[in-house]
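J.:
Protein chains in written order, with the working numbering: chain A, 124 to 240; chain B, 3 to 114.
#1: Per the DSSP calculation, residue 193 (chain A) is bridged to which residue(s)?
#2: In chain order, what residues of the segment 52-63 of chain B put their CB closer than 8 angstroms to some CB of chain A?
#3: For residue 136 (chain A), which option in A:235, A:215, A:232, A:210 has the closest C-alpha, if you only look at C-alpha atoms?
#4: Using a cut-off of 9 angstroms between C-beta atoms, extract the partners of residue 150 (chain A) located in chain B.
#5: When you compare only the Cα positions, how much space is there between residue 165 (chain A) and residue 216 (chain A)?
#6: Whole angstroms is fine: what's the gap from residue 224 (chain A)'s alpha carbon to residue 69 (chain B)'s?
#7: Can you tell me which of the three DSSP states residue 113 (chain B) falls into?
#8: Can a CB atom of chain B be found closer than 8 angstroms to the CB of residue 233 (chain A)?
#9: Listing by chain order, which chain A residues have their CB less than 7 angstroms from the CB of residue 50 (chain B)?
#10: Chain B partners of residue 188 (chain A), CB-CB under 8 angstroms?
#11: For a contact meaning CB atoms closer than 9 angstroms, what does residue 106 (chain B) contact in chain A?
#12: Strictly under 8 angstroms for the Cβ-Cβ distance: is residue 94 (chain B) near chain A by that measure?
#13: Return the first residue and the last residue of the beta strand (DSSP E) that residue 156 (chain A) is part of.
#14: Can you look up residue 133 (chain A) in the DSSP assignment and give me helix, strand or coil?
#15: If the criterion is Cβ atoms closer than 8 angstroms, does the pair residue 172 (chain A) and residue 152 (chain A) meet it?
#16: If I'm right that residue 69 (chain A) touches residue 193 (chain A) with Cβ under 8 angstroms, what's the distance once you round it to whole angstroms?
#17: Give the residues of chain A in contact with residue 109 (chain B), contact being defined as C-beta atoms less than 9 angstroms apart.
#18: Per DSSP, residue 169 (chain A) is paired with what?
Structure representation (structure tokens):
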């Protein structure tokens, strides 16, 4: 079945960087884009942007475009989210989700990134 | 960015009764392809969000017929015809209009 499995929880210091991975299985990885969404503790969903897996082009929310990079490794069927210069307010669960014509489905299980000194 | 405003933010429902959630957009979501890219998701406690409805009113395969979406332009509604205990969660509308940044509503918490 179609599945997205994300990497495990991370704890980082302010100013550090973090990489979150999202491994896809059960479908042709290059046929669909991957979107990234984050959710701060007790808060709603915030769209970060997406990567066209086949072409590699990306689109970022203006809020994140200076500190975030989306990449992918087609041979590993894995998408990556890199966040630089982490701040306390970046503490959140980060989700990847596959984009099909009908929307974002399925979603990964989420990766908690905690920024703490 | 296009803003989405959901009301109410919290909803307590008796099992078997209907429930409705409104989602109002700051701009029309009618795309140049003739489609309106308004989606509904639910995030059940402790889980990742899951897609319920796409293009305003189309149910994803496997989603209960108790869920329906309606609306056009800037005003949209998600209706649960008969709420069941398993429907507890936070419901979000989301827009994916052309090349603009996608945005979510604030979420509506539904409990029994």
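Glycine included, every Cβ here is placed at the ideal spot set by N, Cα and C. Predicted model only: the values in this text are computed from it and were never measured.
T.: Put simply:
#1: A:204
#2: 52, 53, 56, 57, 60, 62
#3: A:210
#4: The premise fails here: residue 150 (chain A) is roughly 15 angstroms from chain B at the closest Cβ pair, so nothing lies under 9 angstroms.
#5: 10 angstroms
#6: 20 angstroms
#7: strand
#8: yes
#9: 218, 230, 231, 232, 233
#10: None at all; the shortest Cβ gap to chain B is about 10 angstroms.
#11: 160, 167, 168, 169, 170
#12: yes
#13: 156-162
#14: strand
#15: no
#16: Residue 69 (chain A) lies beyond the residue range present for chain A, which begins at 124 and ends at 240; the question has no answer from this structure.
#17: 166, 167, 168
#18: A:161
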